[in-house]
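Report on one structure; see the data block that follows.
Residue numbers (the numbering used here), protein chains in the order written: chain L, 979 to 1426; chain G, 632 to 1114.
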């Protein structure tokens, strides 16, 4: 049984039925996750960490009137499942009533399918195969006089949710990733790849890309702080999307007024060429078709051609703010409210090479690091560049630069941007590269 | 020892599969979380998880496997899998990982607890938070009030092929308040106590010592007042940082920089490297002569205190910076062997299923001799900053920029008007070299950080940075807004 949970929704569903049958609460929700997660990590051209974890967890949300309690366990025998149901019910009885709680969702309508979600070969990839991928990476990077650090990972996950109002959902999927940093004496370069099927990733091609960046940025020069036109490659641009997601695309910050979307729906907040949507079913993506209370995940346009369009909802905020549930609940107890997890930024018209050619005096940013919010309402962030910062002069990438700190308003940047034609997946998001005018670098470092 | 028979079988299997060293950890973790928000209970949960892991060193390469199932067949499978993963690791390079000796210990450790959280009815805990939450909103203008507490209990059993058998029960508790005020085009928030709350080793006495109710209204009032406060000035000036902001400053610019796995490049692709390279030990001036920092895993109340780490090293204290000079690192058994330094007893995993790695322990800045008023003395024009709001530092731990929740002007040695959005920036060694006064022991607090992230797959860990307030000269202030 232990080996089945991460790939077989039916095995998890049986645990959920045991929980629901044991409950005496007014309403009950059972949510279970299972995963088999393997990750091989390397540095200095050898493997220094190599692990596989098999784990699962059941979480029960019990509702008594409008009181809610949550309890969890990873012991799936019926005795422990019943105990955790009782504990959740006991917890619910301790809480005061939440007058806004609308009850658990009852929408059992069919969900849209996620494309190409499960690959048996990825789920069962042997450690020897991950080691061979590392070997291919190391061969390329060592051949350039550099050393490699990064990881090769594969995983299979299953999530299932059921409630006493008839909702029954389960989903099994695989995922894989390769992450490479090529390191030289004075510079480094980065490449990443993500795919549901490990066979779709090319360790050698990614290694070539990381190595080329490290070689091309060696002996980096200093850049004077100031305003520059930048090209943010997808791993760098991704961090900007993630911050917008955290601070403003959910119904909770929208309701409390702290979101940049509050009071702005229907108004222009970004350039005409900027559209953001949450779309779990994008062919390049890795989303799941329902949220963690079993509601179908709907496609939501967040920014449409620069106009603030909508935020995402779960059942609680949908009822409270009288909006349709978009299916973006996080697992209970969730004190952050609903959140988009699969942002898609539609592509622009020009290839990234043309965007670079259009820059007279600028900077190419491969990757960013340690971005933090400085001012929520102004969407002002600070962060660092890393692993491949380059000077662009008269349309050509000319040489490497020492890393820089930036302070920038995300929405301000989205009002001065142009997007590339190529779309890639970066973590759970799908996006192009972005050219941004007037980007603020505020200080530098002594290393590339 | 609990699970001793299962542990011995796992070690035997790993050894039979070629491991020259193996260890096994069984664990049970339980976390209770209560969070109230604007008078409602937003989260009330009690979750536990248990399982085990096996780590094997075969031909100088590591393998690690874990499972939530404690069935006999699964224990056998996981032990064999750890060894086979280690063999795969060794196939890529002839590099051999060695481990420093840890000693053989048969021992138990329990966190000293004055008031067992289990003796405090859950209803009483909820009522305590609801009362504090209501008091925050007594301050007119608060948009969102929140109060929360966490009670964690971890039971671990560790056994190794070297003969160690260690059982531990760790109890950690913490709580916090938060007030959010939304104004016209502005959002301000205040938290108490400190940046992330008060998180320490211990029982319910930690929650009681935080005095949430007594400080709730002030926390709300400060958030509201910040909306109409003047912007913090920009420029080069002297600053005084509160103890909790010092905690974050130590965490980011000393703690992470002195994790030996970073120094050796084992975190290069993600968390990054460190400027504090091995050639600097014993000679590099990290800070002014009054800066002395130790990693003390035996520190009473501190959040990372334990009896042994997750690879069997007994808790100890290691000097990191002595009178401003870099003198040590936080090392694990493999990195200690590689660098020829001593183990710090800080290797920990988030839970039983994850690979143990070097984590910031209790990295404490020893107190100085200045009262709070003396810290302000001699500052003609400066800013006092309290409680972190944003923190960013480069991947070698040099170039940093931090923002605080609240600031006060300092004029002619006295704390003056409220200032909002204070930020400051610097380079690590120059900043610590500018430290010319540290608060005395009466102001020193073992500030815990409950959610430090590191590693792949990402693991969170609990660290402590004990600190008093301190003064720094000629610091760049207001960078985030001044651009």
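Backbone N, C-alpha and C fix where the C-beta goes; we use that ideal spot for every residue, glycine too. Remember, it's a predicted structure, so these values are computed and weren't measured experimentally.
- With a threshold of 8 Å between beta carbons, residue 1065/G makes no contact with chain L.
- Counting along the chain, the unbroken alpha helix (DSSP H) around residue 1105/L starts and ends at 1105–1120.
- Taking a 10 Å sphere around the C-beta of residue 1274/L, we find 16 or more other C-beta atoms and assign the residue as buried.
- Taking 4 residues as the shortest admissible run, the region 714–782 of chain G contains the following complete alpha helix (DSSP H) segments, listed from N- to C-terminal end: 753–767.
- Burial check for residue 725/G: the Cβ neighbour count within 10 Å stays below 16, so the residue is exposed.
- The alpha-carbon of residue 1167/L is positioned some 8 Å away from that of residue 1187/L.
- For residue 1027/G, the nearest CB of chain L lies under 8 Å from its own CB, placing it at the interface with that chain.
- Residue 943/G does not reach chain L, its nearest Cβ partner there being about 18 Å away, counting only Cβ pairs nearer than 7 Å.
- In the structure shown, residue 1218/L falls within a helical segment according to DSSP collapsed to helix, strand and coil.
- If you look at residue 671/G, you'll find it in the beta strand (DSSP E) that goes 671–689.
- Close partners of residue 1034/L in chain G (Cβ separation under 7 Å): 699.
- Interface annotation, residue 885/G: not in contact with chain L, CB-CB separation never under 8 Å.
- As the crow flies, the alpha-carbon of residue 684/G is around 20 Å from that of residue 1135/L.
- Judged by DSSP in its simplified three-state form, residue 1352/L adopts strand.
- Contact annotation for residue 987/G against chain L: no contact, minimum CB-CB distance about 10 Å [criterion: below 7 Å].
- Between the alpha carbons of residue 1263/L and residue 1407/L lies a gap of roughly 7 Å.
- Among the residues facing chain L, residue 1081/G is not included, as its CB has no counterpart in that chain under 8 Å away.
- For residue 1362/L, the enclosing beta strand (DSSP E) stretches over residues 1358–1371.
- A distance below 6 Å between beta-carbons, with the five flanking residues on each side excluded, links residue 667/G to the following residues of its chain, in chain order: 760, 761, 764, 778.
- Think of a sphere of 7 Å around the beta carbon of residue 1087/G: the chain L residues whose beta carbon falls inside it are 1017, 1019, 1129, in chain order.
- The beta carbon of residue 770/G is closer than 6 Å to those of 848, 851, 852, 855 in its chain, skipping five residues each way along the sequence.
- Distance from the CA of residue 892/G to the CA of residue 980/G, rounded to the nearest whole angstrom, comes to 14 Å.
- In chain order, 662, 803 place their CB closer than 6 Å to the CB of residue 783/G, counting only its own chain and leaving out the 5 sequence neighbours on each side.
- Residue 1101/L places its beta carbon less than 8 Å from that of residue 985/L.
- Within chain G, the residues placing a beta-carbon under 8 Å from that of residue 1069/L are 675, 676, 677, 753, ordered along the chain.
- Cβ neighbours of residue 920/G within its own chain (closer than 8 Å, five residues either side excluded): 954, 955.
- Under the three-state reduction of DSSP output, residue 911/G falls in the helix class.
- No Cβ-Cβ contact shorter than 8 Å links residue 1023/L with residue 1110/L.
- Residue pairing by DSSP places residue 1251/L opposite no residue, since no beta bridge is assigned to it.
- Under the three-state reduction of DSSP output, residue 1412/L falls in the strand class.
- Each residue's CA atom was taken as its position, placing residue 1221/L and residue 1133/L some 26 Å apart.
- A contact is defined here as three or more CB-CB pairs under 8 Å, and the region 1141–1150 of chain L fails this definition with respect to the region 1174–1181 of chain L.
- In the three-state reduction of the DSSP assignment, residue 1304/L falls in the coil class, being assigned neither a helical nor a strand state.
- For residue 968/G, the uninterrupted alpha helix (DSSP H) run begins and ends at 964–970, by DSSP.
- By the C-beta criterion, the region 926–944 of chain G is judged to be in contact with the region 723–738 of chain G, since at least 3 inter-stretch pairs fall below 8 Å.
- Nearest CB-CB separation between residue 1346/L and chain G: not below the 8 Å threshold.
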